[in-house]
Amino acid sequence: EAGGGAICNCSSTAGLVVSATQTVYAASKFAVIAMTKGTAQEYAARGIRVNAVCPGATKGEMWLDVARNNPAFAKAVLARHPLGRVGEVEEVADAVLYLCRDATFTTGHALTVDGGRTAG
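Counting from 344, one number per residue, gives the positions in the sequence shown under this note's numbering.
Here it is as structure tokens:
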């Protein structure tokens, strides 16, 4: 009714890079990306942009639990991030705000926020 808008779905880098131990989780996150792309095409004529954010390891409760309970795994995760750290929750929020406010010619996109994890 307002003549447009923006939707930002939350996926994960697991929807882009599949690990043998996360097949089901990865499938669910890939489904979010596929839904984003299809919905973007479906709603574009109504002025509604649909994108997804794909965070990598982010310093939320889940990461803090992993780092505390399995420091060796946490170290291995950090080694796969070219920036050498996990993301901050605020950095993911900034990406969502970008997709919803500033990216006015972007739709059907899955934006990674992963410190370079999926870059190579």
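Every residue gets a Cβ at the ideal spot worked out from N, C-alpha and C, and that includes glycine.
If you're wondering where the values come from, they're calculated on a predicted model, not measured in any experiment.
Asked, Found
"Is ALA400 near VAL420, with beta carbons less than 8 Å apart?", "yes"
"On a Cα-Cα basis, can you pick out the residue from ALA436, PHE373, GLY451, ALA349 that is closest to GLY390?", "ALA349"
"Taking three-plus beta-carbon pairs below 8 Å as touching, is the stretch 421-438 in contact with the stretch 371-381?", "no"
"Who are the Cβ neighbours of VAL429 in its own chain at under 8 Å, not counting the five residues just before and after it?", "GLY399, ALA400, THR401, LYS402, TRP406, VAL420, LEU421, GLY458"
"From the DSSP output, in three-state form, read off GLY358 for me.", "helix"
"For VAL429, which three-state DSSP category applies?", "coil"
"Quick one: what's PRO398 bridged to in DSSP?", "VAL456"
"Could you have a look at GLY347 and say whether DSSP puts it in helix, strand or coil?", "coil"
"Helix, strand or coil: how does DSSP classify ARG423 here?", "coil"
"Inspect the beta-carbon positions of LEU442 and ASN394 and report whether they are closer than 8 Å.", "yes"
"With a threshold of 7 Å on Cβ separation, who are the neighbours of ARG460 within its own chain once the five nearest residues in sequence on each side are excluded?", "THR356, GLY399, ARG423, HIS424"
"Can you list, in chain order, the residues of its chain whose CB lies under 7 Å from that of VAL360, leaving out five sequence neighbours each side?", "THR461"
"Would you mind reading off the limits of the alpha helix (DSSP H) that contains ARG379?", "Note that residue 379 corresponds to Thr in the displayed sequence, not to Arg. That run of the alpha helix (DSSP H) goes 366-386."
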